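Residue numbers (my numbering): 769 to 887.
Using N, Cα and C, we set each Cβ at its ideal position, and we do this for glycine too.
Every value quoted in this text rests on a predicted model; they were computed, and no experiment measured them.
Written out below as structure tokens is the structure these notes cover.
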């Protein structure tokens, strides 16, 4: 099955796909603020896993359990902190904010999302 690949500012729907940091696999730039919105089918949750996650110190990815940044914060991740983790929403949506500062840059991320039945 083909995967949908989404970059900065994307709003994606569907059962699975990939979110990429700006310029991936090249380094992202300084002073970026990117929003990603994932919407699965009603009654389904969203699972998010990092295939690649390499942020410079001071840069961060925030993941929220819902449709915007007023939803519950699932985590704030920098450097390689999201590798080996799996985040699961309690709703049918995830909202991600990727914020970079004025300092160093890095390769960024390749995140895989999939929808799953909620238990």
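### Query
In chain order, which beta strand (DSSP E) runs of at least 3 residues are fully inside the region 790-863?
801-807, 812-822, 828-833, 840-845 and 854-856
### Query
Among all the DSSP beta bridges, which residues are the ones paired with residue 871?
Along the chain shown, one-based indexing puts residue 871 at 103. Answer is none; residue 871 lacks a bridge partner.
### Message
Which residue wins for smallest C-alpha separation from residue 780, given the options 791, 789, 804 and 792?
### Response
Numbered from its first residue, the chain shown carries residue 780 at position 12. The shortest C-alpha separation from residue 780 is found at 804.
#### Entry: residue 781 in three-state terms, based on DSSP
Counting from 1 along the chain shown, the entry for residue 781 is found at position 13. Of the three classes helix, strand and coil, the one that applies to residue 781 here is strand, per DSSP.
### Query
Buried or exposed: where does residue 796 fall if 16 or more other Cβ atoms within 10 Å of its Cβ makes it buried?
Position 28 of the chain shown holds residue 796. Burial call: buried.
### Query
Are there three or more Cβ pairs, one per stretch, closer than 8 angstroms when the region 838-848 is compared with the region 822-830?
yes
### Task
Put residue 877 into one of helix, strand or coil per three-state DSSP.
Locating residue 877 in the chain shown gives position 109, where the first residue counts as 1. Three-state DSSP puts residue 877 in a strand.
### Task
Can you give me the Cβ contacts of residue 770 inside the same chain, cut-off strictly under 7 angstroms, excluding the 5 residues immediately before and after it?
Residue 770 sits at position 2 when you count from the first residue of the chain shown. Because residue 770 sits at a pLDDT of 45, beneath the cut-off of 50, its placement in the model cannot be relied upon, and the following sentence gives the value as read from the coordinates. Answer for residue 770: no residue qualifies.
### Query
Could you give the distance in angstroms between the alpha-carbon of residue 794 and the alpha-carbon of residue 871?
As a working note, residue 794 is residue 26 in the chain shown. As a working note, residue 871 is residue 103 in the chain shown. Whole-angstrom Cα-Cα distance: 16 angstroms.
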